[in-house]
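To start, the structure itself, in structure tokens.
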Amino acid sequence: MTAFKGLYIKDLKLSFNGFIIGLFLIFFAMIASFALKEYFAEPSIPAIVSFIIIVLHVFYLPANLFTSLQVEAQSQLWLHNPNRGWKLFLAKIAAGITYFVASLLVSIILVKVFIVRTEYLGEFIGLSEMLSDHLYIMAGGMFLSSIYFTVWLLFYWTLYHALKRIPILNQIRWFVLLIVWLSVTILGNLISKIPAVQDFKEMGTINFHDFTKELGENTIFPETAELHLTSIIISILITVGVFLTSVWILERKVEV
Amino acid sequence: MISFEHVTKKYGRETALNDVSFTLEKGKIYGFLGPNGSGKSTSLKMMAGLVFPSSGTVSVNGKKVDRKIAADIAYLSELDFYYSAFTVQDMINFSASQVSDFDWKKAEELVAFMQLEPNKKLKQLSKGNRARLKLVVTLARNTPILLLDEPFSGLDPMVRESIVKGLLSYIDFANQTVVIATHEIDEIEMLLDEVIAIQNGAIRAIENVEELRETKGLSVIEWMKQIF
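As given, the protein sequences belong to chains A and B, one line each in that order. Here the first sequence stands for residues 4 to 259, numbered as in the numbering used here. Here the second sequence stands for residues 1174 to 1401, numbered as in the numbering used here.
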């Protein structure tokens, strides 16, 4: 067994209970939505709940990773490992993605089976159409967003644990994280307002006219009708940069 | 060879180690002895690359220690930490997958020797059996350096005895450098070549156990009573 496979299996085992609990919550929410539909005589409730379930998956990967990291944080003995930090992190992300995909697939199947292909299409036509026709685009977008949030979570988690070795900051680690988050956000906004950066981000724009047309008046994410390739490249570069920074902090600054 | 050169470790105003220098030679068994909070565990963690010095240098075979040193060092933690979803076999499989020096045959022998059930979940094991398992995955590695941090802490005499027997049977006395940090030395006195007394983050004395017995007529415990 390779080192990565060993780490991956370990991380799958660490998150398995969370995965089962997540599935249980999805089933419970779906059943509850049908009960509420009957109670309020509102046929659109299951569609709305399905939509919420799928959208909430954007937090699935970060939440999964956080619980897995918190298990390690109890001792940090996982750092006694000759394999590099990126491998330790990537195995956790890979395990999280496995459960994310499984949970999302279950949710999509439930949506397809219970909402789109049943009599409960409802009067909330825009939402139902979106669930029916654009489910996979939604899922893909959420997957990429989820990866982005996950990497930032890794960064803040490693920073939080690295600060432990600085006694003067140890008691105010959450506050330090808040300051860092605010600084990063403000800096990001300032950079994005620079005209040259704005022009650069506008390059390589792809329009999805059909997508907006199909949604009609019930458009929920009209901005997704435009895809900025340069923005995606910037996001990928930021993700890789933040990931590598997290690895550096883990290897050089986090102590047991 | 493990070398500490003017190593200081501070946690804010607290000094865990204060300008400590010593060298540990290949093929010897060292006892790091001292009361709780003396700096024993910090020293071992530094050797394992898990804690970094505030100043000074820790090196192993001439290389400055970092996280990658885990390839050459097997470290047994004092903590009773375990993955609750794991079975004994899962733990062995995982440990084997992470290092290139894992000896499966030795691991199987050790599991049988320690009377552990491979399919039992770790959360169902007693603290003593979890300590045995920690020793199994540590001793199953063929590393030049073995670090054992408080291997007997909180364990009953039966478990202590099985751990000592495990050490006697599975340590490669000719090639492995072994460092055992403990304040309970009854069980391990017979194993030790050298003892290092540490207190308040400073080395108080370093003695060869045989010389101690022959020239001073002292057992390690008697020597410790004089030192502390």
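Glycine residues also receive a C-beta, built at the ideal position from the N, C-alpha and C atoms.
Residue i CB to nearest chain A CB: under 8 angstroms?
i	result
B:S1270	yes
B:A1375	no
B:G1405	Past the boundaries of the shown model lies residue 1405 of chain B; chain B is included only from 1174 to 1401, so the question cannot be answered.
B:R1303	no
B:N1315	no
B:H1179	no
Which residues in chain B have a C-beta closer than 9 angstroms to the C-beta of residue i? List them in chain order.
i	result
A:L80	L1223, Y1248, S1250, L1252, F1254
A:Q73	Under the 9 angstroms cutoff, chain B gives no residues; its nearest Cβ is about 13 angstroms from A:Q73.
A:Q77	L1252, F1254
Could you confirm whether any beta carbon from chain B is found closer than 8 angstroms to the beta carbon of residue i?
i	result
A:K8	yes
A:E126	Residue placement at A:E126 is poorly supported in this model, since its pLDDT is 49, which falls under 50; the coordinates still yield a value, given next. Chain B, which has no Cβ nearer than 8 angstroms to the Cβ of A:E126, makes this no.
A:H83	yes
A:I171	yes
Taking the alpha helix (DSSP H) that residue i falls in, what are its first and last residues?
i	result
A:N192	176-196
A:E75	63-76
B:S1214	1213-1220
B:V1351	From DSSP, B:V1351 is part of no alpha helix (DSSP H) but of the beta strand (DSSP E) over 1350-1355.
A:H83	Run containing A:H83: none; DSSP gives neither H nor E here.
B:S1342	1330-1343
B:Y1256	B:Y1256 -> no alpha helix (DSSP H), and no H or E assigned at all.
A:T208	Looking at the DSSP string, A:T208 is not in any alpha helix (DSSP H); the run it does join, the beta strand (DSSP E), is 208-210.
A:H60	It is not in any alpha helix (DSSP H) - A:H60 carries neither H nor E in the DSSP assignment.
In the DSSP assignment, find the unbroken beta strand (DSSP E) run with residue i in it and report its ends.
i	result
B:A1375	1375-1381
B:L1197	1187-1197
B:G1204	1202-1206
B:T1181	1175-1184
A:I171	Looking at the DSSP string, A:I171 is not in any beta strand (DSSP E); the run it does join, the alpha helix (DSSP H), is 170-173.
B:S1228	1228-1233
A:D14	Unbroken run through A:D14 is the alpha helix (DSSP H), 6-43; no beta strand (DSSP E).
So residue i contacts chain A; which residues on that side make the cut at Cβ distance below 9 angstroms?
i	result
B:D1263	I12, K13, K16
Counting only the same chain and skipping the five closest in sequence on each side, list residues whose C-beta sits under 7 angstroms from that of residue i.
i	result
A:F203	T233
B:K1201	T1350, D1366, E1367
A:D14	S71, A94, K95, A98
A:F7	K90, A94
B:S1299	none
A:L26	S106, V109
B:N1209	H1356
By the 10 Å Cβ neighbour count, where 16 or more other Cβ atoms means buried, how is residue i classified, buried or exposed?
i	result
B:I1376	buried
B:R1240	buried
B:Q1349	buried
A:I194	exposed
A:L10	buried
B:E1290	exposed
B:E1323	buried
B:E1384	exposed
B:F1346	exposed
A:H164	buried
A:E75	buried
B:Y1343	buried
A:W160	buried
B:Q1271	buried
B:W1396	buried
A:Y63	buried
B:H1179	exposed
A:Y102	buried
Check the Cβ of residue i against every Cβ in chain B and list those closer than 7 angstroms, keeping chain order.
i	result
A:V259	K1218, L1223, V1224
A:E254	R1240
I want to verify the contact list: residues of chain B whose CB lies under 8 angstroms from the CB of residue i, in sequence order.
i	result
A:F19	A1258
A:N86	Q1271
A:M4	N1266, A1269, S1270
Note down, in chain order, every chain A residue with its Cβ under 7 angstroms from the Cβ of residue i.
i	result
B:A1243	H83, N84, P85
Looking only at its own chain, which residues have a Cβ that is under 8 angstroms from the Cβ of residue i, when we skip the five neighbours before and after it?
i	result
A:V200	I194
B:W1277	A1269, A1313
Going along the chain, which residues of its own chain have a beta-carbon closer than 6 angstroms to the beta-carbon of residue i, five neighbours each way excluded?
i	result
A:E217	The predicted position of A:E217 is uncertain, since its pLDDT is 46 and thus under 50; no value can be drawn from it.
B:A1269	F1275
B:N1315	D1274, D1276
B:T1196	S1176
B:F1286	none
Compare the C-beta of residue i with all C-beta atoms of chain D and state if any pair is closer than 8 angstroms.
i	result
A:F117	Going by chain labels, chain D is absent from the structure shown, which instead holds the protein chains A and B.
Any heavy atom of the ligand ADP inside 7 angstroms of the beta-carbon of residue i?
i	result
B:L1217	With respect to small molecules bound, the structure shown includes none, and the ligand ADP cannot be examined in it.
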